[in-house]
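Structure first, commentary second.
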């Protein structure tokens with residue numbers, strides 16, 4: 009292996025490690041990022057604004073506030089140093105009258121000379137006081153003991169300096185040593201940011217609301233419900249998506265209506281023929297051959313009703329609030345009337361919005377299927393904030409795991425196992441799943457604690 013190959017392999021290995029680290033960093037950040045569109049849009053607006061304001065504040069603090077404060081403090085300390093030189097160079101002014109006058113009239117400082125014992129002990133430094141820090145740095149250049157108070161008097165700064173035989177006390181205006189207008193700049197910066205954020209939040213709420221209404225309308229349509237007050241709103245792209253959804257909904261409804269109309273015509277024609285068969289068989293009298301034909305006609309009528317119910321899908325019914333606890337009690341009573349042992353239990357809020365007739369047929373198909381092959385049936389219902397779950401357990405022979413999805417196929421019959429439509433059309437479970445899916449849910453089969461089959465119906469509420 010040449011040195012070039014070794015170098016390329018090293019580069020590829022390093023690139024792979026960098027890429028892996030970048031992916032891990034991305035996954036870590038993604039876990040802490042908001043998932044909603046509203047929160048993400050706010051983050052897109054807030055994050056650049058906060059970064060920009062932070063950079064502006066840092067540059068202002070570093071280049072303006074700090075520098076100006078240091079220069080103002082240096083000027084005040086220079087004036088104090090000049091007064092100390094005057095005090096030491098002109099001892100003939102025993103009362104320091106001229107120094108006080110010059111300091112007051114020329115420099116804007118109030119100077120007084122105290123006994124040497126009037127030097128206070130050092131006090132605690134205030135937290136994050138830029139003025140205290142700047143003055144301390146400049147006063148150290150005088151190379152004499154000093155004491156400062158930048159907190160006690162709001163408009164004045166008191167400075168005491170130890171001289172040979174006295175303590176020089178200086179009262180300087182805070183504005184002379186400190187850039188006092190800096191807080192106003194920061195206040196306006198934060199204030200305008202809050203105003204912009206408020207406007208952005210209100211605007212985003214108005215833009216997100218049409219998207220949420222579109223999602224609610226699509227979810228309601230998937231559950232077989234309707235939102236009559238829904239109409240396109242919001243930005244142009246959101247309106248376009250809403251119009252496309254409405255057109256798709258109308259096309260689906262037209263297709264269902266055409267299929268229902270066609271099936272109604274076919275049902276009418278076939279039922280007319282079956283009615284003629286029944287009348288002709290009734291006129292032929294009683295005979296073993298006639299009785300067999302009558303049974304065939306009745307079986308044909310049942311098969312026809314099953315075919316039409318499966319093809320129609322009960323799409324014409326509107327969803328309405330239904331007392332699910334009472335509904336399951338009716339199923340238990342129906343099972344007990346056929347001589348089966350049945351129990352029912354329901355937890356949670358019982359009022360659920362479903363297509364009551366269609367949903368009753370869905371559960372009745374499952375209960376009838378269980379009653380055909382079992383002696384005991386347990387019906388359990390539970391409703392939480394998102395789902396309605398109904399389980400039907402029995403102690404029958406069950407269905408092999410490999411065939412539990414196959415039994416939902418239309419016209420499929422399991423001769424050597426269990427099937428609600430044994431001797432019929434093989435549409436009972438297919439109709440039940442079709443109804444559950446029309447509500448936005450599904451049906452799953454599993455093992456029952458009773459030893460037989462468990463059918464679980466789960467639909468959103």
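In the working numbering, the protein residues as written are 9 to 469.
Every residue gets a Cβ at the ideal spot worked out from N, C-alpha and C, and that includes glycine.
Predicted model, so just to flag it, every value in this text is computed and none were measured.
For residue i, the first and last residue of its enclosing alpha helix (DSSP H)
i: residue 91; result: 74-97
i: residue 120; result: No alpha helix (DSSP H) contains residue 120, which is instead part of the beta strand (DSSP E) from 118-122.
i: residue 375; result: 364-381
i: residue 446; result: 436-446
i: residue 106; result: 105-110
Beta-carbon proximity of residue i to residue j, cut-off 7 Å
i: residue 403; j: residue 437; result: no
i: residue 447; j: residue 257; result: no
i: residue 469; j: residue 360; result: yes
i: residue 174; j: residue 111; result: no
i: residue 440; j: residue 370; result: yes
i: residue 142; j: residue 165; result: no
i: residue 46; j: residue 150; result: no
i: residue 238; j: residue 226; result: no
i: residue 460; j: residue 334; result: no
i: residue 115; j: residue 87; result: yes
i: residue 185; j: residue 84; result: yes
i: residue 372; j: residue 348; result: no
i: residue 8; j: residue 394; result: In this structure the chain extends from 9 to 469, so residue 8 is not present and cannot be described.
i: residue 327; j: residue 362; result: yes
i: residue 443; j: residue 366; result: yes
i: residue 81; j: residue 146; result: yes
i: residue 407; j: residue 374; result: no
i: residue 139; j: residue 178; result: no
i: residue 52; j: residue 208; result: no
i: residue 235; j: residue 243; result: no
i: residue 481; j: residue 167; result: Outside the displayed span of the chain (9 to 469) sits residue 481, for which this structure offers no information.
Bridge partner(s) assigned by DSSP for residue i
i: residue 395; result: 468
i: residue 353; result: 388
i: residue 462; result: 401, 454
i: residue 166; result: 157, 179
i: residue 331; result: 359
Chain-order list of residues whose beta-carbon lies under 8 Å from that of residue i (same chain, five-residue window excluded)
i: residue 23; result: none
i: residue 198; result: 61
i: residue 302; result: 286, 289
i: residue 282; result: 305, 308, 309, 312
i: residue 57; result: 201, 204, 205
i: residue 91; result: 107, 110, 111, 115, 117, 119, 176, 178
Sequence-distant residues of the same chain with beta carbon closer than 6 Å to residue i, five excluded per side
i: residue 350; result: 340, 343, 344, 385
i: residue 64; result: none
i: residue 396; result: 360, 467, 469
i: residue 430; result: In this prediction, residue 430 has a pLDDT of 46, which is less than 50 and means its spatial position is unreliable; nothing more can be read from the coordinates.
i: residue 449; result: 466, 467
i: residue 241; result: 218
i: residue 42; result: 48
i: residue 398; result: 389, 465
Chain-order list of residues whose beta-carbon lies under 7 Å from that of residue i (same chain, five-residue window excluded)
i: residue 476; result: Past the boundaries of the shown model lies residue 476; the chain is included only from 9 to 469, so the question cannot be answered.
i: residue 16; result: none
i: residue 89; result: 150
i: residue 126; result: 175
- Message: Under 8 Å, with one C-beta from each stretch per pair, do the segment 381-400 and the segment 355-368 reach the 3-pair mark?
- Response: Enough Cβ pairs lie closer than 8 Å, so yes.
- Query: Any contact of the segment 216-233 with the segment 247-264, i.e. 3+ C-beta pairs under 8 Å?
  - Reply: A contact exists between the segment 216-233 and the segment 247-264.
- Message: Under 8 Å: do the segment 150-159 and the segment 197-211 share three or more Cβ pairs, one atom per stretch?
- Response: By the Cβ test, the segment 150-159 is not in contact with the segment 197-211, since fewer than three Cβ pairs between them sit closer than 8 Å.
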